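Chains as they are written, first to last, in the working numbering: chain A, 1 to 157; chain B, 1 to 157. A virtual CB, placed ideally from N, CA and C, is assigned to each residue, including glycine. From a predicted model like this one, the values you see are computed outputs, not experimental measurements. Single-structure report; data block below.
2 protein chains.
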Amino acid sequence: MKIIWMMIGKTDFEYVEKGVDEYLKRLKKYVPVELMVIPDVKTGAKPNADLLKEKEADAILPRIKDTDHVILLDERGKQYSSVGFAEWINEQINYSPANLVFIIGGAYGFSERVYQRAKSKMSLSSLTFSHQLVRVVFAEQLYRAFTIIKGESYHHE
Amino acid sequence: MKIIWMMIGKTDFEYVEKGVDEYLKRLKKYVPVELMVIPDVKTGAKPNADLLKEKEADAILPRIKDTDHVILLDERGKQYSSVGFAEWINEQINYSPANLVFIIGGAYGFSERVYQRAKSKMSLSSLTFSHQLVRVVFAEQLYRAFTIIKGESYHHE
Numbered sequence: 001m002k003i004i005w006m007m008i009g010k011t012d013f014e015y016v017e018k019g020v021d022e023y024l025k026r027l028k029k030y031v032p033v034e035l036m037v038i039p040d041v042k043t044g045a046k047p048n049a050d051l052l053k054e055k056e057a058d059a060i061l062p063r064i065k066d067t068d069h070v071i072l073l074d075e076r077g078k079q080y081s082s083v084g085f086a087e088w089i090n091e092q093i094n095y096s097p098a099n100l101v102f103i104i105g106g107a108y109g110f111s112e113r114v115y116q117r118a119k120s121k122m123s124l125s126s127l128t129f130s131h132q133l134v135r136v137v138f139a140e141q142l143y144r145a146f147t148i149i150k151g152e153s154y155h156h157e
Numbered sequence: 001m002k003i004i005w006m007m008i009g010k011t012d013f014e015y016v017e018k019g020v021d022e023y024l025k026r027l028k029k030y031v032p033v034e035l036m037v038i039p040d041v042k043t044g045a046k047p048n049a050d051l052l053k054e055k056e057a058d059a060i061l062p063r064i065k066d067t068d069h070v071i072l073l074d075e076r077g078k079q080y081s082s083v084g085f086a087e088w089i090n091e092q093i094n095y096s097p098a099n100l101v102f103i104i105g106g107a108y109g110f111s112e113r114v115y116q117r118a119k120s121k122m123s124l125s126s127l128t129f130s131h132q133l134v135r136v137v138f139a140e141q142l143y144r145a146f147t148i149i150k151g152e153s154y155h156h157e
């Protein structure tokens, strides 16, 4: 079992890149992680949200294997506590050999086709974060989850 | 009216500093913002959470004026949507000349004395974020709130 983390578009901000690197480096001590950065899709001069989401779906879906367990990071998803999220990950690790594929979409969210392929949705907050900042927040949360699973002192209740 | 943003301890990570700088620079086009970084408190070799929180309170409380409206960033606080948070800030701006003082505590949260002085508590997520990462998340959210108030295109519903 490994964690595959898919995201749309390159990282625009140096702080996002540094933040993600920081937590991924730590996370890799606990679990194999594969990063898949899907190149930004072009839809012409005027951004067209629907077309963009469909083109992104065309890039996302072929990268998913039949056995993968797909979790979308989505505003309408389930909101966990950090301990709850760690417990959920731990259950997946213990009961299923499937890879966990977490996907962070583009600025406009996901196509309906991607929602249909996903098994779960999770939300990091009732607030909206930029799809860039979400990367750092999610990286820290994934790292935090594994420190909780391993009983380490990073997380204080 | 201005926004005062108080936080405990220096920023440990370059990515946090860069992220906060990025959003503060943009935010200052909309509203005066004053940053108060309260130096880390020492409690001896072994960390003592209660003593730490009391010493932090000793540093925080004298910096607050009687007229200030104090909002703590706290896990048990109210969870807003980004639009809800923007509306709340806009109400404060329109109906009260008081400064808004947002405080991000240390790794162990706040002393009871600080809770008593605060008027409101807000939570950025049901997940726990590191007290370092919270700074970037909050900076982006404050910036997002002002783009919503001003009707700019940064935030997509």
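A contact between stretches requires three or more CB pairs, one per stretch, nearer than 8 angstroms, and the stretch 109 to 123 of chain A meets this requirement with the stretch 66 to 83 of chain A. Shown here, K55 of chain A sits in a helix according to DSSP, grouped into three states.
Excluding five sequence positions before and after V134 of chain B, the CB atoms of its chain that fall closer than 7 angstroms to its own CB belong to L73, I104 and L124, given in chain order. The beta carbons of I8 of chain A and G106 of chain A sit about 4 angstroms from each other, so the pair counts as a contact at 8 angstroms. Under the three-state reduction of DSSP output, E152 of chain A falls in the coil class, being neither helix nor strand.
If you check each beta-carbon in the stretch 113 to 129 of chain B against every beta-carbon of chain A, the ones closer than 7 angstroms belong to L124, S125, S126, L127, T128 and F129.
At a cut-off of 8 angstroms between beta carbons, G106 of chain A makes no contact with chain B.
Per the C-alpha coordinates, the member of B:I148, B:Y154, B:S120 and B:S126 positioned closest to H131 of chain A is B:Y154. Excluding its 5 nearest sequence neighbours in each direction, K10 of chain B has C-beta neighbours in its own chain below 8 angstroms: V37, P39 and D40, listed in chain order. Scanning chain A for C-beta atoms nearer than 7 angstroms to the C-beta of S81 of chain B yields S126 and L127, reported in chain order. For the 8 angstroms CB-CB criterion, I89 of chain A and I4 of chain A do not form a contact. Contact annotation for G19 of chain B against chain A: F13, Y15, V16, G19, L133 and V136 [CB-CB distance below 8 angstroms, chain order].
Within the DSSP bridge table, the entry for V33 of chain A names A:I3 as partners.
In this structure the stretch 10 to 30 of chain A does not lie against the stretch 41 to 52 of chain A, because fewer than three pairs of beta carbons, one per stretch, are closer than 8 angstroms.
Contacts between F85 of chain B and chain A, judged by CB atoms closer than 8 angstroms, involve L127 in chain order.
Using a CB distance cut-off of 8 angstroms, R144 of chain B counts as an interface residue toward chain A. Between Y15 of chain A and Y15 of chain B, the C-beta spacing is below 8 angstroms. With three or more CB-CB distances shorter than 8 angstroms, the stretch 14 to 31 of chain B counts as touching the stretch 14 to 29 of chain A.
Residues of the same chain with a CB within less than 8 angstroms of the CB of S96 of chain A, apart from the 5 flanking positions on each side, are M1 and H69 in chain order.
Between P32 of chain A and the set A:L100, A:G77, A:M122 and A:S82, the nearest pair of CA atoms involves A:L100. The beta carbons of R117 of chain A and L61 of chain A sit closer together than 8 angstroms.
In terms of CA proximity to D50 of chain A, A:V114 leads the group A:M122, A:H156, A:Y80 and A:V114. E140 of chain B belongs to the set of residues whose beta carbon lies under 8 angstroms from a beta carbon in chain A.
Chain-order list of chain A residues neighbouring E54 of chain B: empty, with the shortest C-beta distance near 17 angstroms, by a criterion of under 7 angstroms. Scanning chain A for C-beta atoms nearer than 9 angstroms to the C-beta of E34 of chain B yields nothing, as the closest lies near 22 angstroms away. Selection A:S120, A:F102, A:K119 and A:H156 evaluated against L127 of chain B yields A:H156 as nearest (Cα-Cα). Cβ neighbours of I93 of chain A within its own chain (closer than 7 angstroms, five residues either side excluded): M1. Separation of S82 of chain A and A59 of chain A (C-alpha to C-alpha, rounded to the nearest whole angstrom) is 30 angstroms.
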